[in-house]
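Enquirer: In this note's numbering, the protein residues as written are 15 to 68.
The beta carbon of each residue, even a glycine, is placed where N, CA and C say it ideally should be.
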Amino acid sequence: MSEVQLSDRIRMAHTIEVESAARKKVALKVSWYDVHGKNHTQHYSLNEGSTIEL
Numbered sequence: 015m016s017e018v019q020l021s022d023r024i025r026m027a028h029t030i031e032v033e034s035a036a037r038k039k040v041a042l043k044v045s046w047y048d049v050h051g052k053n054h055t056q057h058y059s060l061n062e063g064s065t066i067e068l
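1) How many angstroms separate the CA atom of ARG37 from the CA atom of HIS57?
2) Just confirm the distance between the C-beta atoms of VAL44 and ARG23, as a whole number of angstroms; I'd bet it's less than 8 Å.
3) Indicate whether LEU42 and VAL32 have their beta-carbon atoms separated by less than 8 Å.
4) With a threshold of 8 Å on Cβ separation, who are the neighbours of GLU67 within its own chain once the five nearest residues in sequence on each side are excluded?
5) For SER64 and ALA35, I'd like the C-alpha separation in whole angstroms.
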């Protein structure tokens, strides 16, 4: 997924967890509810120098 889509997920998120931060990479777990109330979770990996808007 692109960073634009990650930023959209972050805006909808109810939980954002940093799973790990090592060797110039950060692993995130983003959880959100859809319009039907179903919980979704997706994992993202960001490289050094990546920028996301919160």
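Expert: According to the structure shown:
1) 18 Å
2) 5 Å
3) yes
4) SER21 and ILE24
5) 13 Å
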